[in-house]
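Numbering (the UniProt record's numbering), first residue to last: 1 to 249. These notes are about the structure you will find just below.
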Amino acid sequence: MLQVTDLHVTVEDKEILKGLTLTINAGEVHAIMGPNGAGKSTLSAVIAGKDGYEVTQGSITFEGKDVLEMEIEERAQAGLLLGFQYPVEIPGVKNIYLLKSALNAQRKARGLEDMPAPEFMKLVKEKLGFMKMDASFLQRAVNEGFSGGEKKRNEILQMLVLQPKLAMLDEIDSGLDIDAMKVVADGVNSLRAEERAILLVTHYQRLLDYIVPDKVHVLVDGRIVKTGDAELAKQLEANGYEGIEESAA
Ligand code: ADP
Ligand code: MG
Ligand code: MG
């Protein structure tokens with residue numbers, strides 16, 4: 001589904017990703033772990049098409065298409081979606097409106113009509129219930145006055161409504177208490193499907209007790225230095241990143 005090959009990325013003239021290669025197949029959940037500043041957020045941001053990153057070498061393809069040739073909206077409509085590490089507030093834009101316009105833009109890109117309003121409301125209410133969110137969230141401006149935990153739930157709600165092919169979640173566990181983390185993890189687990197892949201960026205292993213990844217990659221200084229299964233995350237929790245960095249060097 002996603003193929004990243006020898007990716008080199010520069011931010012403000014500083015090379016952050018230094019030859020990163022990663023393959024993600026449909027149906028898989030991958031976790032990217034690594035120390036602060038390793039380039040984890042940069043990787044998901046570049047895949048999603050955020051501004052400010054210069055790809056100087058390498059390639060990214062999604063279902064065989066050259067991602068680097070696609071605008072950020074085209075990527076989202078193709079089913080490649082990044083939730084926000086610190087979700088932005090959009091004053092005056094109601095949550096329900098954002099969800100509806102994003103869903104219908106995606107449908108349009110696939111040659112489908114807008115989802116009829118009753119069907120849309122049914123879908124959203126079902127997902128709200130799943131995320132243990134109150135219906136009043138829909139009428140509030142996007143993320144305005146939301147607590148950290150509410151923003152994270154809202155991010156997963158977006159994913160549940162939009163059903164991306166590749167869902168990328170950056171530090172979805174940061175700042176969550178254990179109950180909120182379980183709700184968020186249940187939401188992510190409900191996205192698991194044969195036709196979908198999930199890329200989780202996380203600094204801590206804790207989240208991976210609830211969302212068990214198929215593959216764990218350790219990203220250090222702009223490169224993936226080790227790949228393993230869920231067991232690797234547990235080793236990192238016990239031993240930290242230092243041993244990994246030494247073995248990579
Ligand atoms: P991680 O998510 O692994 O903690 P990031 O991808 O956020 O790491 O950052 C990797 C490196 O790139 C860091 O050294 C960071 O300071 C730098 N960096 C990221 N974004 C920017 C930016 N917009 N401007 C300058 N430096 C940046
Ligand atoms: Mg190289
Ligand atoms: Mg980060």
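Yeah, the Cβ is synthetic: ideal placement off N, Cα and C, and Gly gets one too. These numbers were taken from a predicted model, which means no experiment stands behind them.
Remark: the shortest separation between the CB of LYS151 and any heavy atom of ligand 3 does not fall under 8 Å. Around the C-beta of ILE72, fewer than 16 other C-beta atoms lie within 10 Å, and the residue is accordingly described as exposed. Residue burial is scored here from C-beta neighbours: THR227 has fewer than 16 other C-beta atoms within 10 angstroms and is therefore classed as exposed. If only uninterrupted alpha helix (DSSP H) runs of at least 4 residues are considered, those enclosed by the region 128-186 are 148-162. At least one heavy atom of ligand 1 sits closer than 8 Å to the Cβ of HIS203. When C-alpha distances from TYR53 are compared across LYS100, HIS8, VAL161, the shortest belongs to HIS8.
The set of residues whose C-beta lies within less than 5 Å of a heavy atom of ligand 1 reads, in chain order, VAL11, GLU12, ILE16, ASN36, GLY37, ALA38, GLY39, LYS40, SER41, THR42. Apart from sequence neighbours up to five positions away, the residues of its chain that approach GLY187 with a beta-carbon distance below 7 Å are PHE130, MET131, ILE156, LEU160, ordered along the chain. Here the alpha carbons of GLN235 and GLY92 stand approximately 46 Å from one another.
Taking 3 residues as the shortest admissible run, the region 49-105 contains the following complete beta strand (DSSP E) segments, listed from N- to C-terminal end: 54-62, 80-82, 90-94. Taking 8 Å as the cut-off, the C-beta of GLU195 does not count as close to any heavy atom of ligand 3. In this structure, GLU155 has its beta carbon at no less than 8 Å from each heavy atom of ligand 3. Remark: C-beta atoms of VAL216 and LEU232 approach each other more closely than 9 Å.
Annotation: GLU15 is outside any alpha helix (DSSP H); the continuous beta strand (DSSP E) that includes it extends over 14-24.
At least 9 Å separates the beta-carbon of VAL124 from that of ILE90. For GLN3, the uninterrupted beta strand (DSSP E) segment begins and ends at 2-11.
Leaving aside the five residues that flank GLN77 on each side, the residues in its chain whose CB is nearer than 7 Å to its CB run, in chain order, ALA105, GLN106, ALA109.
In the three-state DSSP reduction, LEU208 falls in the helix class (H, G or I).
For ALA230, the closest C-alpha among the options LEU81, ASP114, GLY34, VAL29 is that of VAL29.
Contact annotation: GLY175 and GLY148 have beta-carbon atoms nearer than 9 Å. Cβ neighbours of GLY49 within its own chain (closer than 6 Å, five residues either side excluded): ILE72, ARG75.
When secondary structure is reduced to three states using DSSP, MET33 falls in the strand class.
Looking at the DSSP output, LYS226 sits in a beta bridge with VAL218. Contact between the region 33-43 and the region 55-66 is absent: fewer than 3 CB-CB pairs across the two stretches fall below 8 Å. For ASP170, the shortest C-beta to heavy atom distance toward ligand 3 is below 8 Å. Secondary structure note for LEU199: its beta strand (DSSP E) is the uninterrupted segment 197-201.
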